[in-house]
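Following the working numbering, the numbering of the sequence shown begins with 5 at its first residue and continues without gaps.
Just so you know, even glycine gets a beta-carbon here, dropped at the ideal spot from N, CA and C.
Below is one structure, written out as structure tokens, with a few remarks after it.
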Amino acid sequence: MQGKISSRDCVVIGAGPAGLSAAVRLRFVKRFNKIPMDVVVIDPGDPGGLLRMGERVIIGPSFIYRKGELLELLLKDFHYYNIPHIREKAISIKKEGKGFAVLTENGKRIKTHSIIIAAGMGVIHNEPDYYSRGVYITSGGYEFFKEIIDGMVKESKPPYTIVGSVKTENILPLLEPLMDKLFILTPETIKDSPLKTEQGEIVKILGDGWVQGIKYRKPDGSLHFKKTGAVFLDYNGFAISRPRPFNGLENIFEQNGYINSIECRLKGVFAAGDILGHPASVTIAMADGINAGLFCYSYLFRLKFKKDPVLYAYLPHDIIIDHNFKDLPKIKEDSIPVALLNPKKDRERFLVLCNGKRDLKEISSVLSLKLDEIKSKAIKYTQTGFLSWIRL
Ligand SMILES: Cc1cc2nc3c(=O)[nH]c(=O)nc-3n(C[C@H](O)[C@H](O)[C@H](O)COP(=O)(O)OP(=O)(O)OC[C@H]3O[C@@H](n4cnc5c(N)ncnc54)[C@H](O)[C@@H]3O)c2cc1C
């Protein structure tokens, strides 16, 4: 059924904590009587973003999520709602009419009414699978970087691959002694520096148990292989010199590659997480994701139904609440539903007919069921987060 939807409500770029929170919020904006939106997430890697790399300290030593714990919680609803995950990298975004088209590296074109950009510090492929097995990252404080590099040299065989940015020159004094053993991969060449770099981006880490090589892509699109005994990811360099995650929508980015607000300058575009350039923190990323989801929900609701959604207790409205007040907008016989279930699991004929093309009256006549019966089915599936609406 989802294949028949001509335009998504929202494409979330990035499946880190910010993107996952935003996507789930669009499907479950409130507990009662709200209309879920049709959202899809795109990310070439497994869901989780940087959460896949070890434990996360939330505030202090008494509040730590061990590896995988927080991600498991975030993924529960993501899987429960079968939110589609397109495993591709977004390479370009175009404004098209009132909406957008997101283009992926393998030529997919996804039309959407809105976008949430939650692309963090950059693309993460299968690097976390090799964390502690030949993948090292800049973590702790700056004075620990030397210790991490020393650990890499002790545990792994050269050559060592450093994946960074133009700001990887900041750790040059630590790398200099290893210079003839390094392969340095950066999106841009570092000018006036003794660091010899290969321009490109990592696509996959290869190895059986421990890192043995990398597949990388040069700017001309060609794919290459490099034998390596370890991969060192310079997240400090990524954070200082943040590359744009895709082409297009240039005017929402600041010069430093970040976006300065959850509600972007361009209508229908929202941002969340590390891409906002505030101190990197998983809880802030999740909070941004929740807010981006709620703002985006309000935007989509206004776009589709020409009025504000009632989102108390998140967003109170100054309105009179009489005995007849209903949170769920009125469903009429010419309302057009769209089922958001996984197509393979949709067994019920009613949901098969909710394909964004038929209104409730047509569905009731195809099924030879009374309109009231059809309406109560429609309300049940809307309330449980599995039915969205094109028209009400
Ligand atoms: C070494 C290290 C240790 C940390 N420790 C802590 C800690 O203890 N406590 C804490 O609170 N925070 C910690 N953080 C910060 C925390 O992990 C981040 O703030 C948080 O993960 C940001 O979430 P995000 O969703 O914005 O981005 P990310 O987690 O980076 O996720 C972004 C996702 O977007 C995807 N993506 C990027 N570009 C594209 C594209 N063009 N198309 C499709 N997908 C794309 C990526 O593949 C990735 O999956 C740490 C960070 C680092 C680097």
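- Here residue 232 really is in contact with residue 164; their C-beta atoms are around 7 Å apart, less than 8 Å.
- The alpha carbon of residue 135 has as its nearest neighbour, out of 162, 72, 106, the alpha carbon of 72.
- By the criterion of at least three beta-carbon pairs nearer than 8 Å, the region 151 to 158 is not in contact with the region 297 to 305.
- Between the region 269 to 276 and the region 121 to 131 there are three or more inter-stretch CB-CB distances shorter than 8 Å, so the stretches are counted as touching.
- Each residue's CA atom was taken as its position, placing residue 366 and residue 44 some 28 Å apart.
- Taking a contact to require three or more Cβ pairs closer than 8 Å, the region 30 to 43 and the region 312 to 322 qualify as touching.
- In this structure, DSSP gives residue 69 an extended state, which the three-state scheme calls strand.
- Per DSSP, residue 155 is one residue of the alpha helix (DSSP H) stretching across 149 to 159.
- Rounded to whole angstroms, the Cβ separation of residue 87 and residue 22 is 14 Å, and the two are not in contact under 8 Å.
- A heavy atom of ligand 1 is found nearer than 7 Å to the CB of residue 127.
- In this structure, ligand 1 has no non-hydrogen atom nearer than 7 Å to the beta-carbon of residue 66.
- Residue 222 and residue 189 have their C-alpha atoms spaced approximately 10 Å apart.
- Under the DSSP assignment, residue 300 falls in the alpha helix (DSSP H) whose first and last residues are 286 to 309.
- Note on residue 240: 16 or more other CB atoms within 10 angstroms of its CB, so buried under the neighbour-count rule.
- Its chain contains 213, 214, 215 as the residues whose beta carbon lies nearer than 7 Å to that of residue 137, once the 5 sequence neighbours on both sides are disregarded; these appear in chain order.
- Looking only at 353, 185, 379, 341, the smallest Cα-Cα distance to residue 362 is reached by 341.
- Following the DSSP letters along the chain, one finds residue 382 inside the alpha helix (DSSP H) bounded by residues 375 to 387.
- When DSSP states are grouped into helix, strand and coil, residue 13 belongs to the strand group.
- The Cβ atoms of residue 12 and residue 47 lie no closer than 8 Å to each other.
- Here residue 274 carries a strand assignment [DSSP, helix/strand/coil].
- For residue 163, the shortest separation between its Cβ and any heavy atom of ligand 1 does not lie below 7 Å.
- Only residues of its own chain outside the window of five on either side were considered, and among them 242 have a CB closer than 6 Å to the CB of residue 126, listed in chain order.
- Closest in alpha carbon position to residue 78, among 360, 326, 289, 169, is 289.
- By the C-beta criterion, the region 192 to 203 is judged not to be in contact with the region 98 to 109, since fewer than 3 inter-stretch pairs fall below 8 Å.
- Rounded to the nearest whole angstrom, the CA to CA distance from residue 18 to residue 372 is 43 Å.
- Residue 382 and residue 14 have their C-alpha atoms some 22 Å from each other.
- Around the Cβ of residue 41, a 10 Å sphere holds 16 or more other Cβ atoms; the residue is buried.
- Inter-residue distance for residue 84 and residue 388 is about 11 Å (C-alpha atoms, whole angstroms).
- DSSP places residue 254 in no alpha helix (DSSP H); its state is neither H nor E.
- In summary, residue 173 is buried, with 16 or more beta-carbon neighbours lying within 10 Å of its beta-carbon over all protein chains present.
- Within the same chain, Cβ atoms closer than 7 Å to the Cβ of residue 210 are found at 216, 217, 218, 219, the five residues on either side in sequence being excluded.
- For residue 370, there is no enclosing beta strand (DSSP E); the residue is found in the alpha helix (DSSP H) stretching over 364 to 371.
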